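Read in the UniProt record's numbering, the sequence shown has 212 at position 212, and its numbers run on one by one without any break.
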Amino acid sequence: MSRHLHIDAFSGIAGDMFLGALIDLGVDAGEIEQSLRQLPVEKEWELSVKRVSRHGIGAIDLKVLTGENKHSHHHDEQGHHHHHHTNYHDIMHMIDHLDTTERGKDKARRVVTLLGESEARVHETTLDKIHFHEVGAVDSIVDMLGSVVALELLGVDSLSCGVLPMSRGFVKCDHGVMPVPAPATAYLLEGLATIGVDRKGELVTPTGAALVKGLCEEFGAQPGMMIDGVGYGAGDREDPEIPNLLRLFVGERVGAKRLMPTIESA
1 MSRHLHIDAF SGIAGDMFLG ALIDLGVDAG EIEQSLRQLP VEKEWELSVK
51 RVSRHGIGAI DLKVLTGENK HSHHHDEQGH HHHHHTNYHD IMHMIDHLDT
101 TERGKDKARR VVTLLGESEA RVHETTLDKI HFHEVGAVDS IVDMLGSVVA
151 LELLGVDSLS CGVLPMSRGF VKCDHGVMPV PAPATAYLLE GLATIGVDRK
201 GELVTPTGAA LVKGLCEEFG AQPGMMIDGV GYGAGDREDP EIPNLLRLFV
251 GERVGAKRLM PTIESA
């Protein structure tokens, strides 16, 4: 039996939305925290997991609380606030300490490397020289590595993702005002299925795009699968028209013949 997860990013994707949706699928947040406790990060942190409603749909609102006052970090415009910056080798070292499978560690390395390469490309430098604005935040590290841990706890063997929405507008970051999608996100979206939507603000964050590109083998329509779980992760902003949610489907990967109804002879 092959366990498959499909990402339905009808309202975009960010790292906290993805991890929240995985918890909504049944992964124990306490197990995720325990797996990440050995990470050599400078700040104290903890997961805040709350049940919320978006347009009448129940979802998990996940935040990473850091610092003495355990203030929350919001990710709808993820990675564009000021943080201590961490370099690529620091994060690779953290992954070596990650309490998960070797398969999970390989996935984490792939996601972080893709994100780092996109940042390096934007700033016309190399992985060794760049200090990640997106990756450097403790909350982003927890989102990425926690998501990989959660996928392993769910026993997911393969992933796919539907069309990603391309919104418009601008976002503020360390380097000033940038167009949406952010430059690093735009590079990460190369080779992925996207569609323009008439919505302002950042729907797909750099971390969200890196997770999709680093974890998914297929893009576009959902493949044949027998769904046995649906999870929702909530974004922070309230949209009056479209629920600000990420939806995940998990189940057994099956061929088309298995999906056809059985017709008995009279």
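Note that the Cβ used here is the ideal one computed from N, Cα and C, for glycine as well.
It should be emphasised that the depicted structure is a prediction, and the values quoted were computed from it without experimental measurement.
- Counting along the chain, the unbroken beta strand (DSSP E) around Ser48 starts and ends at 45-54.
- Excluding residues up to 5 positions away in sequence, Gly116, Leu127 lie with their Cβ nearer than 6 Å to the Cβ of Tyr88 in the same chain.
- One Cα belongs to Asp90, the other to Ala108, and the distance between them is close to 13 Å.
- Separation of the CB atoms of Leu215 and Gly15 is rounded to 12 Å, and the pair is thereby denied contact status at 8 Å.
- DSSP, reduced to helix, strand and coil, places Leu203 outside both helices and strands of the structure shown, so it counts as coil.
- Per the coordinates, the alpha-carbon of Glu44 lies some 17 Å from the alpha-carbon of Leu62.
- The beta carbons of Gly104 and Gly231 sit no closer together than 9 Å.
- Taking all protein chains in view, the Cβ of Val204 is crowded by 16 or more other Cβ atoms within 10 Å, so the residue is classified as buried.
- Between Leu246 and Ser147, the C-beta spacing is not below 9 Å.
- The beta carbons of Pro206 and Leu188 sit about 7 Å from each other, so the pair counts as a contact at 8 Å.
- Using a Cβ distance threshold of 9 Å, Glu202 and Gly169 count as a contacting pair.
- Per DSSP, Met92 is not a residue of any beta strand (DSSP E); the alpha helix (DSSP H) it occupies stretches across 88-96.
- Per DSSP, Arg253 lies in no alpha helix (DSSP H) segment; the continuous beta strand (DSSP E) that holds it begins and ends at 245-253.
- Residue ranges of uninterrupted beta strand (DSSP E) with 3 or more members, entirely inside the stretch 156-211 and ordered along the chain, are 158-161, 164-168, 170-173, 176-179, 194-200.
- Under the DSSP assignment, Ala21 falls outside any beta strand (DSSP E), being part of the alpha helix (DSSP H) whose first and last residues are 15-24.
- In the structure shown, Arg3 adopts extended strand secondary structure according to DSSP, grouped into three states.
- The continuous stretches of alpha helix (DSSP H) do not include Thr66, which lies in the beta strand (DSSP E) extending over residues 57-66.
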